[in-house]
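Enquirer:
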Amino acid sequence: MDLVLRGARVVDGTGAPARPADVGVENGRIAVVGHVPTNGATQVDLDGLVLAPGFIDIHTHYDAQVLWDRDLTPSCWHGVTTVVMGNCGFGIAPTRPEHRSTIARTLENVEGMSVEALEAGIPWSFESFPEYLDAVGSAPTRLNVAAMIGHTPLRLYVLGDEATERPAKEHEVERMRALVAEALAAGALGFATSKSPTHAGAGGKPVPSRLADIDELYRIAEAVKAHGRGVMQITPGEGLFVDEMAEVAKRTGVPVSWTALLTGIGPPGTAINLLDMTADAGKNVWPQIACRPLVMQITFEDPFAFSSIDAFKDVLELPRERRADVYADPAWRERARSGAGGVFSTKWDKTTIDETELHRALTGRPMTDIAAERGVEPLDAAIDLALEENLKTRFRVVLANDDEEEVAKLLQDERAVLGLSDAGAHASQLCDACFSTHLLSHWARDTGVLSLEQAVWRLTGQPAQIFDIGDRGVVKEG
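In the numbering used here, the protein residues as written are 114 to 591.
(1) Hey, Phe81 and Pro432: beta-carbon distance below 8 Å or not?
(2) Looking at Thr127: is its Cβ nearer than 8 Å to the Cβ of Gly574?
(3) Quick one: grab the DSSP three-state call for Asn514.
(4) Using DSSP's beta-bridge definition, name the partner residues of Gln156.
(5) Under 8 Å by Cβ, that's how I've got Leu353 and Lys282 pegged, so tell me the actual separation to the nearest angstrom.
(6) Tell me which same chain residues have a C-beta within less than 7 Å of the C-beta of Thr481, skipping the five on either side of it?
(7) Measuring CA to CA, which of Val489, Pro207, Ala294 and Thr376 is closest to Ala339?
(8) Report yes if the C-beta distance between Val576 and Ile235 is below 8 Å; otherwise report no.
(9) Looking at the secondary structure, which residues open and close the alpha helix (DSSP H) in which Leu388 lies?
(10) May I have the straight-line CA-CA distance separating Leu552 from Arg558, to the nearest angstrom?
(11) Please identify the residue among Ala521, Glu360, Gly153 and Ala538 whose C-alpha is closest to the C-alpha of Glu224.
(12) Quick one: residues in its chain with C-beta nearer than 7 Å to the C-beta of Tyr175, no 5 flanking neighbours on either side, listed in chain order?
(13) Of the choices Gln156, Glu430 and Ala248, whose alpha-carbon is the least far from that of Arg183?
(14) Going by C-alpha to C-alpha distance, which of Val398, Gly382 and Leu387 sits closest to Val367?
(15) Classify Asp389 as buried or exposed, calling it buried when 16 or more other Cβ atoms lie within 10 Å of its own Cβ.
(16) Per DSSP, what are the beta-bridge partners of Asn257 in this structure?
(17) Can you tell me which of the three DSSP states Arg279 falls into?
(18) Is the region 372-380 touching the region 319-336, taking contact as three or more C-beta pairs under 8 Å?
(19) Assuming Glu468 is part of the beta strand (DSSP E), what are its boundary residues?
(20) Helix, strand or coil: which one does DSSP assign to Arg599?
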């Protein structure tokens, strides 16, 4: 025995009751869980502490950051030891040299990443997905890393600039199938795609995966089936919802995990009804749920949150120093108001000023109240306030998942899996990489909605089993 972790309360990740036990480690693997006699091994006294498996985060966007931040902060601060990248079909491989800028701009628009950071941090020593995996593995990371190949870079690689404009032709689908097979053989965990209408990439155009028809997805999924293992991650949208996801699971025989099942979208009970619908549609389809409210911080200096609105697409194409001039234009304002539907249309009552130098008396007040006092629309009120301090005003908007009673029901339902931290993305807008800490502190310790054992299972054993992540997720011998 090389190492003995002695006297801990072991919560093993299976959901079984906690028990006092020693854990003996030999040659880097767990050799004994139980009583370990005193020997010459290094001893670590864990009396009064809990020993659990490292946490698994199945929904991250560290695809670029992993190349310059081998600690993968801030996930490593919250007990996470394994991350899954490539979610929503985004990633940085395969990528031809002529499309590197397009990929960076896509990640900027969709995931709120800094183009400057991407240009400085990605070494681009790779083009294919296997070469990307080699680059990731070329230096040790503090965390275990798994990557899915994404539909957006895949389509861009095969279709070129037309990837944002049309479905794929037969020979292009065959080429994508071959590249997915190549990626899986090299170690990819699976394949990910998105049809979400909020996913607008470089130049405000739909991300390439949104142009794929359902037959293209079914054909690509066959490559996953042929590999014999893996996972399909889907962000649904028009033409790709519960029935289609169930068909993907049926055709491939692998788990399909979709993002995301949130409360507060639609009438009360909508999320639970959708969970029932997913379960009824077929086996092995797993909605990803979140344990925190989906809260975003936004500024009009970098209005990525509004990228699905046509008027804001023009703004995003301009340098930052020219954006204030556009916001002051009455004609542009009219366009913005007429197009400001979607996710923000009913959220202004949950939008508040979060950070401001000039308007501190307004901090925390709903924008609907401020707008009513000024006799203008909430969008106009927000832009006017931002213009008064050079667009530095930061707003906080609660988008979804703030119905605690319904979130509790989802967390207690084993037909869903915990995900959607989005770690590695939206760093200037939100940070839910702390989801594991929130789950344990709020839902296990403070409210008792979950037992400690259930919460740890949500973070370890369950995602490891669904995503077929071997040798992780459970404290057991071997």
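By construction, the Cβ of each residue, glycine as well, lies at the ideal position given by its N, Cα and C atoms.
Expert: On the basis of the coordinates in this document:
(1) Because the chain in this structure spans residues 114 to 591, residue 81 falls outside the shown range and cannot be described.
(2) Stepping through the sequence shown from its first residue, residue 127 is reached at position 14. Stepping through the sequence shown from its first residue, residue 574 is reached at position 461. In this structure, Gly574 lies closer than 8 Å to Thr127 by Cβ.
(3) If you number the sequence shown from 1, residue 514 lands on position 401. Reduced to three states, the DSSP call for Asn514 is coil.
(4) Reading the sequence shown from its first residue, position 43 is the one you call residue 156. DSSP, once it has assigned bridges, lists Val117 as partnering Gln156.
(5) Numbered from its first residue, the sequence shown carries residue 353 at position 240. Numbered from its first residue, the sequence shown carries residue 282 at position 169. Wrong, their Cβ atoms sit about 20 Å apart, outside the cutoff.
(6) Here residue 481 is taken as the residue at index 368 of the sequence shown, counted from 1. These residues qualify, in order along the chain: Trp461, Asp462 and Pro491.
(7) Locating residue 339 in the sequence shown gives position 226, counting from the first residue. Looking at the Cα atoms, Ala294 is the closest of the given residues.
(8) Reading the sequence shown from its first residue, position 463 is the one you call residue 576. Reading the sequence shown from its first residue, position 122 is the one you call residue 235. A small correction: the amino acid at residue 576 is Pro; Val does not occupy that position in the sequence shown. It is not a contact, given that the beta carbons lie outside the stated cut-off.
(9) As a first step, residue 388 is located in the sequence shown; it is residue number 275 there, counting from the start. Thr383 to Ala394 is the span of the alpha helix (DSSP H), which, as asked, contains Leu388.
(10) Residue numbering aside, residue 552 sits at position 439 when the sequence shown is read from its first letter. Residue numbering aside, residue 558 sits at position 445 when the sequence shown is read from its first letter. In a straight line, the C-alpha of Leu552 is about 9 Å away from that of Arg558.
(11) Numbered from its first residue, the sequence shown carries residue 224 at position 111. For the residues Ala521, Glu360, Gly153 and Ala538, the minimum Cα distance to Glu224 belongs to Ala538.
(12) On the sequence shown, position 62 is the one that residue 175 refers to. Correct list, in chain order: Leu185, Val196, Met198, Ala536 and Gly537.
(13) Start at 1 with the first residue of the sequence shown, and residue 183 comes out as number 70. Cα-wise, what sits closest to Arg183 is Ala248.
(14) Counted from its first residue, the sequence shown places residue 367 at position 254. Residue Val398 is the option with its Cα nearest to Val367.
(15) As a first step, residue 389 must be located in the sequence shown, where it is residue number 276. Its Cβ having fewer than 16 others within 10 Å, Asp389 is exposed.
(16) Here residue 257 refers to the residue found at position 144 of the sequence shown. According to DSSP, which records beta bridges pairwise, Asn257 is partnered with Thr195.
(17) For this step, residue 279 is matched to residue 166 along the sequence shown. Note: Arg279 maps to coil in three-state DSSP.
(18) no
(19) Working through the sequence shown from its first residue, we reach residue 468 at position 355. Unbroken beta strand (DSSP E) run through Glu468: Thr464 to Glu468.
(20) The question about residue 599 has no answer here: the residues shown for the chain are numbered 114 through 591.
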